[in-house]
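Just below is one structure, and these are the notes that go with it.
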Amino acid sequence: MYYDPEKNDHGLPHDPFKSCVVPRPIGWISTISSGGIHNLAPYSQFQNLTFDPPYVMFAANQNTRGIRKDTVVNVEQTAEFVYNMPTYDLREAVTRSAAGVPPEVDEFDLAGVTKVPSVRVKPCRVAESPVQFECRHHSTLRLPGNGLMGTVDVIIGRVVMIHIRDDVIGPDGHIDILRIRPLARLGYYEYTSVESLFEMVIPASNEALLAGLEGKHNR
Ligand SMILES: Cc1cc2nc3c(=O)[nH]c(=O)nc-3n(C[C@H](O)[C@H](O)[C@H](O)COP(=O)(O)O)c2cc1C
């Protein structure tokens with residue numbers, strides 16, 4: 154089958170689009186308002202963009218009333234945010250933090266997670282999360298969309314501090330992904346978590362390329 158997303162004439166009971174780009178890592182994004190209220194929300198339209206220096210992005214649609222989400226307002230006002238890696242064990246807290254609540258609500262409290270101060274930015278980190286990036290706002294790309302929710306703010310941030318919990322670094326010096334079980338989003342109400350992995354080395358003779366893929370890159 155094929156369909157035109159402008160007409161959305163897929164003929165299925167639910168829109169299949171979000172199930173076609175999976176699994177999506179979830180950026181559990183913490184921010185602070187200019188008035189000092191802590192905010193936390195999951196964004197599965199999230200990715201790293203590059204690694205030297207590292208940049209990440211997340212894309213926040215407008216809310217059901219056609220208004221920018223609190224996370225976006227906070228980043229625009231304070232120019233800082235934190236990426237927290239969500240895990241399978243934190244899945245219920247992640248869901249709680251997605252509730253559409255007024256900006257006065259502290260969403261760390263709502264989610265039932267612990268604040269830990271950041272080193273370089275004001276927004277707190279989620280103590281229970283094994284990996285966190287402190288980020289400074291680089292730019293916002295606003296893409297026009299249909300309806301109240303279609304317009305989206307793509308927020309790009311430069312990573313200025315990286316935290317990795319010691320107990321998720323294995324004896325080989327790699328991050329122990331199977332221990333962390335990072336949570337990821339599929340379509341509909343479906344999620345997955347990373348439960349298996351395998352290794353493959355690409356057939357390349359270019360040492361620099363291989364070193365980059367392996368994570369051994371030098372400047
Ligand atoms: C797993 C998950 C992923 C989500 N991903 C996105 C996303 O990529 N973009 C978006 O606009 N909303 C996303 N949402 C919805 C927001 O988390 C939700 O609108 C939240 O209330 C926004 O909070 P804020 O207003 O405090 O920023 C997601 C929700 C869940 C549960």
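With the sequence shown counted from 1, adding 153 to any position gets you the numbering used here.
Beta carbons: idealized from backbone N, C-alpha and C, even for Gly.
Discussion item. To test your reading of the DSSP string, which unbroken beta strand (DSSP E) runs of 3 or more residues are found completely within the stretch 165-225?
Written reply: 180-185, 191-196, 199-204 and 207-214
Discussion item. Can you list, in chain order, the residues of its chain with a C-beta nearer than 6 Å to that of Thr267? Leave out the 5 residues immediately preceding and following it.
Written reply: Ala280
Item to complete: Would you grab the beta carbon distance between Ala213 and Asp329 for me? Rounded to a whole angstrom, and I think it's under 8 Å.
Response: In fact, because the Cβ distance is near 31 Å, the residues do not count as touching under 8 Å.
Discussion item. If contact is defined by three or more beta carbon pairs under 8 Å, each pair taking one atom from either stretch, is the stretch 221-234 in contact with the stretch 304-318?
Written reply: yes
Worksheet item: Beta carbon of Leu336, beta carbon of Thr240: below 8 Å?
Response: yes
Discussion item. Can you determine whether any heavy atom of ligand 1 sits closer than 7 Å to the C-beta of Thr304, and answer yes or no?
Written reply: no
Practice prompt. May I ask whether a heavy atom of ligand 1 can be found less than 7 Å away from the beta carbon of Asp325?
Written response: no
Item to complete: Could you please give the first and the last residue of the uninterrupted beta strand (DSSP E) stretch that includes Ile309?
Response: Val305 to Ile317
Worksheet item: By the 10 Å Cβ neighbour count, where 16 or more other Cβ atoms means buried, how is Cys288 classified, buried or exposed?
Response: buried
Worksheet item: For Met210, is the classification buried or exposed, using 16 other Cβ atoms within 10 angstroms of its Cβ as the cut-off for buried?
Response: buried
Worksheet entry | Sequence-distant residues of its chain with Cβ nearer than 7 Å to Ala264 (five each side left out) | Leu193, Ala246, Arg249 and Ser250
Worksheet entry | Terminal residues of the alpha helix (DSSP H) in which Thr248 lies | Arg244 to Arg249
Worksheet item: Can Ser222 be considered in contact with ligand 1, in the sense that its beta carbon sits closer than 7 Å to one or more heavy atoms?
Response: One detail in the question is off: residue 222 reads as Lys in this sequence, not Ser. Yes, Cβ of Lys222 sits closer than 7 Å to a heavy atom of ligand 1.
Fill in: Same chain, Cβ closer than 8 Å to Val269, five either side skipped, listed in chain order
Cys277, Arg278, Val279 and Ala280
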